[in-house]
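A short worksheet on the structure shown next.
Chains as they are written, first to last, in the working numbering: chain A, 5 to 353; chain B, 655 to 911.
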């Protein structure tokens with residue numbers, strides 16, 4: 005088990021700064037997800053750790069060993085690619101055995117280890133792996149083979165670049181669970197790049213949120229989801245409402261309505277709350293303590309299966325609210341627990 | 655159905671006259687068919703110069719194909735994989751001889767080749783063939799290597815394979831059908847090349863197209879017909895093979911080099 009450390013790593017492509025001084029510790033034996041929108045630098049970071057990209061500045065260390073200058077062949081990482089990257093001209097067995105053949109492992113041991121790892125990733129029938137080509141397998145099976153090919157060489161670090169995003173939703177859900185089990189079972193340090201927040205939250209021990217070549221927030225999935233530290237983090241994690249507001253004399257004015265505010269932020273602010281945290285009641289109902297209320301007009305409700313999504317018009321824009329019951333369009337009061345309303349100063353957004 | 659028949663007539667009509675001519679021993683106007691048919695010209699041709707032309711033409715084509723492969727496979731791989739500077743310029747240079755009318759280019763090359771004492775020689779003809787062959791090969795093979803996803807090689811390198819090992823175990827096997835297709839094209843190009851061969855090679859180097867030209871100029875229509883038929887055989891055989899190996903992906907990669 006290896007701890008991966010990245011120290012102040014920078015990478016620029018022409019005028020685009022893909023990584024702007026990233027420093028991070030990837031805990032040994034843990035699964036760390038790097039989450040962010042496309043173009044945030046997450047794949048660049050992963051490929052820098054694998055050695056496919058030479059960084060402009062900074063250091064990358066595996067435990068005490070510096071690998072910054074090492075070519076990818078000598079880093080001892082194993083990568084799982086988004087498009088599986090299995091070799092179509094080799095059988096499943098040959099694909100998995102490739103890394104061991106490079107290490108000149110004796111044939112009998114190759115056979116034993118390949119079959120063992122294929123069993124570990126639950127490839128199903130082991131009988132015909134020596135005759136079948138990867139193209140004869142389904143997408144999910146192919147990604148299992150790719151995972152087996154990576155794990156069989158017992159790498160120091162397992163790198164995964166959106167491994168599930170080419171699969172359909174059902175297979176993705178199932179493989180997510182198995183990936184989690186496998187990583188715990190093998191106990192390998194794993195780094196997982198994804199743009200899917202749900203996947204990151206479900207899989208990872210630690211989530212690293214990235215944006216524009218920088219790290220926005222690092223934390224457990226619960227911390228990242230419940231206590232986003234910036235407007236970007238709050239916006240990126242979950243269906244959120246975002247409103248412009250202003251704080252003056254202990255009052256927060258948002259959408260033309262004034263609500264009490266005791267936080268530290270002053271001046272122009274961004275107010276963010278989740279659609280799922282909003283409760284709705286009639287404007288005539290008595291106010292409740294510990295809550296924040298906004299009034300608006302319910303214009304539309306869409307049935308999404310698990311719940312309805314209501315669209316409510318405020319003075320300067322629409323907000324969304326999820327609830328299990330259908331409501332009639334018309335004036336409505338939105339009630340939010342005070343601690344579910346996130347207020348961010350302008351410089352943080 | 656009618657279209658198929660029409661196409662067959664358009665394609666095989668002129669060819670059938672070649673076949674008839676090759677067996678005609680006496681055929682005078684206004685007769686629709688030869689008055690006398692036989693194998694006289696076939697046996698004459700198979701004993702004479704034509705076999706020599708066939709042999710040297712094949713030899714030249716083989717040498718041109720091998721040399722072109724040796725140059726273009728590594729070059730095309732580099733062009734497809736590495737961000738080498740001036741890539742468009744390099745690809746342009748290969749295209750340049752085709753951008754001008756062939757005849758002036760070949761006439762100029764001929765004087766040049768005579769100056770370095772390669773006019774009328776085997777290697778002179780090989781060189782002039784390679785001017786055209788390299789264009790074909792570099793452009794098609796670059797497209798072929800581009801159609802092999804780079805992640806397949808990264809997966810090998812990531813597991814510890816050297817660049818060379820990944821080339822031989824991943825890129826080359828996957829590119830092989832395309833390389834075969836491109837090789838066949840080069841071979842056929844060299845076998846059928848006429849203008850350059852005539853200008854540079856004559857009168858010492860004889861290939862089948864040049865031989866055919868000479869005989870038809872000499873009004874030996876039977877001999878010309880036979881050599882035309884002989885010239886078509888390798889083309890047809892190789893194109894049938896080509897059809898098996900050519901994949902549409904290669905063509906779709908053409909614009910993206």
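Yeah, the Cβ is synthetic: ideal placement off N, Cα and C, and Gly gets one too.
Collapsed DSSP secondary structure at residue i in the structure displayed
| i | result |
| --- | --- |
| residue 135 of chain A | coil |
| residue 765 of chain B | helix |
| residue 17 of chain A | strand |
| residue 352 of chain A | Confidence at residue 352 of chain A is low in this model, with a pLDDT of 48, below 50, so the placement of that residue is unreliable and no value is reported for it. |
| residue 347 of chain A | strand |
| residue 70 of chain A | strand |
| residue 822 of chain B | helix |
| residue 851 of chain B | helix |
| residue 312 of chain A | strand |
| residue 159 of chain A | coil |
| residue 36 of chain A | strand |
| residue 22 of chain A | strand |
| residue 282 of chain A | coil |
| residue 62 of chain A | strand |
| residue 210 of chain A | strand |
| residue 846 of chain B | helix |
| residue 909 of chain B | Bear in mind that the predicted position of residue 909 of chain B carries a pLDDT of just 48, short of 50, making it unreliable; the figure below should be weighed with that in mind. Three-state result, residue 909 of chain B: helix. |
Below-9 Å beta-carbon distance, residue i vs any chain A residue
| i | result |
| --- | --- |
| residue 663 of chain B | no |
| residue 832 of chain B | no |
| residue 827 of chain B | yes |
| residue 799 of chain B | no |
| residue 806 of chain B | yes |
| residue 741 of chain B | no |
| residue 727 of chain B | no |
| residue 803 of chain B | yes |
| residue 811 of chain B | yes |
Endpoints, the beta strand (DSSP E) within which residue i is located
| i | result |
| --- | --- |
| residue 297 of chain A | 295-307 |
| residue 741 of chain B | No beta strand (DSSP E) contains residue 741 of chain B, which is instead part of the alpha helix (DSSP H) from 741-753. |
| residue 277 of chain A | 271-278 |
| residue 196 of chain A | 193-198 |
| residue 244 of chain A | 244-252 |
| residue 326 of chain A | 321-327 |
| residue 337 of chain A | 334-341 |
| residue 629 of chain B | The displayed coordinates of chain B run from 655 to 911. Any statement about residue 629 of chain B would go beyond what the structure contains. |
Residue i - containing alpha helix (DSSP H), residue span
| i | result |
| --- | --- |
| residue 53 of chain A | 46-54 |
| residue 778 of chain B | 776-800 |
| residue 703 of chain B | 703-735 |
| residue 866 of chain B | 862-871 |
Whole-number beta carbon distance between residue j and residue i, since they are thought to touch under 8 Å
| i | j | result |
| --- | --- | --- |
| residue 832 of chain B | residue 795 of chain B | 7 Å |
| residue 104 of chain A | residue 190 of chain A | Between residue 190 of chain A and residue 104 of chain A the Cβ distance is about 16 Å, and since that is not below 8 Å, they are no contact. |
| residue 339 of chain A | residue 285 of chain A | 6 Å |
| residue 213 of chain A | residue 221 of chain A | 5 Å |
| residue 6 of chain A | residue 161 of chain A | 6 Å |
| residue 41 of chain A | residue 277 of chain A | Their Cβ separation, rounded to whole angstroms, is 21 Å, which puts residue 41 of chain A and residue 277 of chain A out of contact at 8 Å. |
| residue 27 of chain A | residue 12 of chain A | 5 Å |
| residue 871 of chain B | residue 851 of chain B | Their Cβ separation, rounded to whole angstroms, is 15 Å, which puts residue 871 of chain B and residue 851 of chain B out of contact at 8 Å. |
| residue 714 of chain B | residue 783 of chain B | 7 Å |
| residue 9 of chain A | residue 61 of chain A | 15 Å between Cβ atoms; not a contact. |
Beta carbon proximity, residue i to chain B, threshold 9 Å
| i | result |
| --- | --- |
| residue 110 of chain A | no |
| residue 92 of chain A | yes |
| residue 157 of chain A | yes |
| residue 106 of chain A | yes |
| residue 198 of chain A | no |
| residue 150 of chain A | yes |
| residue 143 of chain A | no |
7 Å CB neighbourhood of residue i in its chain, flanking five on each side removed
| i | result |
| --- | --- |
| residue 197 of chain A | 38, 46, 47, 50, 164, 165 and 166 |
| residue 876 of chain B | 675, 676, 678 and 695 |
| residue 1 of chain A | Residue 1 of chain A is absent from the model: chain A starts at 5 and stops at 353. |
| residue 791 of chain B | 722, 726, 836 and 840 |
| residue 249 of chain A | 256, 257, 258, 273 and 275 |
| residue 717 of chain B | 780 |
| residue 349 of chain A | 269, 271 and 273 |
Neighbourhood of residue i by C-beta, 6 Å cutoff - its chain only, sequence neighbours within 5 removed
| i | result |
| --- | --- |
| residue 909 of chain B | Here the model assigns residue 909 of chain B a pLDDT of 48, short of 50, so the residue's position is not dependable and the matter cannot be decided. |
| residue 279 of chain A | 243, 324, 325 and 326 |
| residue 175 of chain A | 144 |
| residue 345 of chain A | 277 and 296 |
| residue 218 of chain A | 24 |
| residue 200 of chain A | none |
Spatial neighbours of residue i in its chain, beta-carbon cut-off 8 Å, leaving aside the 5 residues before and after
| i | result |
| --- | --- |
| residue 223 of chain A | 210, 211 and 231 |
| residue 752 of chain B | 786 and 789 |
| residue 744 of chain B | 733 and 738 |
(request) Residues of the segment 15-40 of chain A with a CB closer than 9 Å to any CB of chain D: list them in chain order, please. (result) Considering every chain present, this structure includes no chain D. Its protein chains are A and B.
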